[in-house]
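Chains as they are written, first to last, in the numbering used here: chain P, 1 to 351; chain B, 1001 to 1351.
Just so you know, even glycine gets a beta-carbon here, dropped at the ideal spot from N, CA and C.
Quick notes on the structure that follows.
2 protein chains.
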Amino acid sequence: MSGPGTRGRVTGPVVTGPVVTVTLNAALDVTYRVARLRAGTSHRVEEVLERAGGKGVNVAAVLHGSGVPVLATGLLAGEAGRRVRADLDARGVPHRFVDVPGETRRTLTVVEGAGGTGDATALNEPGPVVGPSDAARALDELAAVLRDARPAVVVVSGSLPPGLDEAVVARLLDVAAQLGAATVLDTGGRSLLRTLEGLHDAGAPGPDVVKPNRPELAELLAVARTGSSDEQGAEEATDESVAEGAGVALLRRLGARTVVVSSGGAGLTLHPVDGPPLTARLPQPLTGHPTGAGDAAVAALAAGLRAGAPWADVAADAVARSAAAVLRPVAGEVDPADVARLRGQVVLDGA
Amino acid sequence: MSGPGTRGRVTGPVVTGPVVTVTLNAALDVTYRVARLRAGTSHRVEEVLERAGGKGVNVAAVLHGSGVPVLATGLLAGEAGRRVRADLDARGVPHRFVDVPGETRRTLTVVEGAGGTGDATALNEPGPVVGPSDAARALDELAAVLRDARPAVVVVSGSLPPGLDEAVVARLLDVAAQLGAATVLDTGGRSLLRTLEGLHDAGAPGPDVVKPNRPELAELLAVARTGSSDEQGAEEATDESVAEGAGVALLRRLGARTVVVSSGGAGLTLHPVDGPPLTARLPQPLTGHPTGAGDAAVAALAAGLRAGAPWADVAADAVARSAAAVLRPVAGEVDPADVARLRGQVVLDGA
């Protein structure tokens, strides 16, 4: 089994550039602690915590915590954007975001009880509305950030703020590919489909790795079948019976190379561009805080691409980091000791 | 039955000064609209609305909407404070707030469905922590704002941010009284008790009007009885059987003059300093949005004090404005047409 390498350079000099994460809809993650959440009543918030968030920001934070050179970029706006930057500074995560007008969204998580043991309730704002001229300028500035960074790997994660469409994502992935960087795309089913179509229409190469989870793969199949991702269609297709093979085949037809399908606590299946699929899982799923587990897996994929690690190692590392993230209460954190311990427990099939 | 007049001036020149509202823990009221709130799940926020809030701000907005000269003051902090000011500017409400470090609290209301017909879920942040030296400076600046405004009536409403205690409220009420203004105090049971004790200890006159609602009166009695306002004690005493007379007598002993006890949809009882109690109510309670109803009643009390209206008129006006506020989805708004219509339906007893 070959390793991933970076685009067009299966052998060659060691890549020293950073992993650059692009978070177009970054967030200020706000956590409210309340005694108990009861819909329809009033609550005194006992504690307010704020933290830089968004999927790509979490990926960057996990990589930084593992000693992988990283640069977090994307779009920020207003006072919430200023606080995202301040938090990244405090955590030592290198960043270079582009400003847009408005206000970066807040993603509110309400946790219950002193230990935060209850289920978390999430309320996610849509994000700032980015107008056409701001979008064009921001795209130019982001492309310049990528060029300056000389990235080994570029990761584009998460949703888009209102007003931006997937053409922006396709353009950034194309710029990254032209710079010789490996590319990872982690967006929802409909957005993934549109981005791949955009790359295809532009004659640009597909991403080196895409990482849908099972519900996203199901949504993608539903959208491809019906041309719409109405919720009912997506819910029907999230049935376990969804043919993972059909989804992977669709992604391949659209230009994706390696496809990683994550299944939450059940582990993941890595479908390499150059070989048979590999599954990696823990003997039993962990309980904890699943938010950020997918981002930790993406961090492992990016680190593996950068190091040119064998696919089996990449898959095992992704499961270990994802599980380690479940053990931490906030997204964007893993304990290296947890990763090392869990890594030894990962069961690989197909390697 | 006499009217309220202003302190020491039962007859005299018409008072032309404004009503000054003091909101020490002003808020940025944020409303999230979601399809349906389910604790323990994730939600896409469909709409985010922001508005200047806090009880005294709502009082000022209602008075401004009725053409009563008003000045909103209190404490604001940070970016949320800047947005409170911007919203007051947009609504034309005169204001002069004092800045403190930190960040004004957000009070989040989650409403469900397109019509917002479901019960609202409120999540109230505690507010910025005000340190001793900032508190002293802010108090001086607020006293200067009061002196400059030459107020006819000063209304102090709502909670205190962490770090401020009731001595600040007592001091501001004392300054207001020295300026010849009538004073209205609308705070929770425990805070009301402490403020009255602070005025008493300082040898300062008690407020002209205090407006506990029934649960606040019950909390106050529980605190006075046990020396603590633990929730269980307060809940026990919110029983309808609470002796309103005992609460009013306690408030009088502590220096309060006219006491208005509001009972939500059941109306209110006004215990004038100079006569027998009056009850005012609608034939049947209205359903709608009770948030801000108490503030609309306080606005009516302040307007009545300023105009020297007879107590019976003041009580009827308070019920009409409070009910009109229930008909509006946001606090700090009443439709004058609703007020006029409802005013004609108010049933008065004891007048």
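Residue contact check for P126 (chain P) against chain B: a CB pair falls below 8 Å. Neighbours of G1040 (chain B) across chain P, judged by C-beta separation under 8 Å: G118, D119, A120 and T121.
Between G1288 (chain B) and G1113 (chain B), the alpha-carbon positions lie close to 15 Å from each other. Between V1110 (chain B) and chain P, the shortest Cβ-Cβ separation is below 8 Å. L123 (chain P) is bridged by DSSP to P:L108 and B:H1043. Counting along the chain, the unbroken alpha helix (DSSP H) around R190 (chain P) starts and ends at G189 to D201. Excluding five sequence positions before and after A1176 (chain B), the CB atoms of its chain that fall closer than 7 Å to its own CB belong to L1146, P1151, V1154 and T1183, given in chain order.
Secondary structure at N1058 (chain B): helix, using DSSP grouped into helix, strand and coil.
When the five nearest sequence neighbours on each side are left out, the beta carbons in the same chain lying within less than 8 Å of the beta carbon of L37 (chain P) are those of H43, V110, E112, G118 and T121, in order along the chain.
Leaving aside the five residues that flank N1213 (chain B) on each side, the residues in its chain whose CB is nearer than 8 Å to its CB run, in chain order, V1261, S1262, S1263, G1264 and G1294. Cβ proximity to chain B below 7 Å picks out E79 from the region 68-87 of chain P. Residue-level contact by beta carbon holds for R1044 (chain B) and chain P, with a gap shorter than 8 Å. In the DSSP assignment, G1275 (chain B) falls outside any alpha helix (DSSP H), carrying neither H nor E.
Excluding the 5 residues flanking it on each side, P1285 (chain B) has same chain C-beta neighbours closer than 6 Å at G1265, in chain order. Fewer than three pairs of CB atoms, one per stretch, sit closer than 8 Å, so the region 296-314 of chain P makes no contact with the region 244-257 of chain P. Considering only B:R1051, B:E1166 and B:R1105, the residue with the shortest C-alpha distance to L1199 (chain B) is B:E1166.
Around L286 (chain P), no beta-carbon contact reaches into chain B at under 8 Å, the shortest distance being about 19 Å. A337 (chain P) sits exposed, since fewer than 16 C-beta atoms from the chains shown fall within 10 Å of its C-beta. Looking at B:R1106, B:R1091 and B:G1344, the one whose alpha-carbon comes closest to that of P1283 (chain B) is B:G1344. Chain B has no Cβ within less than 8 Å of the Cβ of V100 (chain P). Scanning its chain for C-beta atoms nearer than 7 Å, with the 5 sequence neighbours on each side dropped, one finds around L301 (chain P) the residues V184, V209, K211, V260, V314 and A318, in chain order.
For the pair L251 (chain P) and W311 (chain P), the CB atoms are not nearer than the 8 Å cut-off. When the five nearest sequence neighbours on each side are left out, the beta carbons in the same chain lying within less than 8 Å of the beta carbon of S322 (chain P) are those of S262, L268, A293, G294, A296, A297 and A300, in order along the chain. Burial state of G92 (chain P) is exposed, judged by a 10 Å Cβ sphere holding fewer than 16 other Cβ atoms. Taking the Cα of L139 (chain P) as reference, the smallest distance to any Cα among P:T31, P:R105 and P:D174 is reached at P:D174. Secondary structure at T1287 (chain B): coil, using DSSP grouped into helix, strand and coil. Inside the region 1131-1216 of chain B, DSSP marks whole beta strand (DSSP E) runs of 3 or more residues at positions 1153-1157 and 1182-1186, from first to last along the chain.
Assigned with DSSP and collapsed to three states, S1262 (chain B) falls in strand. No Cβ of chain B is located within less than 8 Å of the beta carbon of V19 (chain P).
Looking from the CA of V1330 (chain B), the closest CA among B:P1018, B:A1072 and B:T1107 belongs to B:T1107.
Of all residues in the region 45-60 of chain P, the ones placed with a Cβ closer than 7 Å to any Cβ belonging to chain B are V45 and V48, in chain order.
In the DSSP assignment, G1074 (chain B) forms a beta bridge with B:T1023. With respect to V1057 (chain B), G1332 (chain B) sits close: the two C-beta atoms are nearer than 8 Å.
Note on geometry: alpha-carbon atoms of T195 (chain P) and A1149 (chain B) lie some 60 Å from one another.
In chain order, L1123 make up the part of chain B whose C-beta sits under 9 Å from the C-beta of V34 (chain P). Here DSSP, grouped into helix, strand and coil, assigns E1219 (chain B) to helix.
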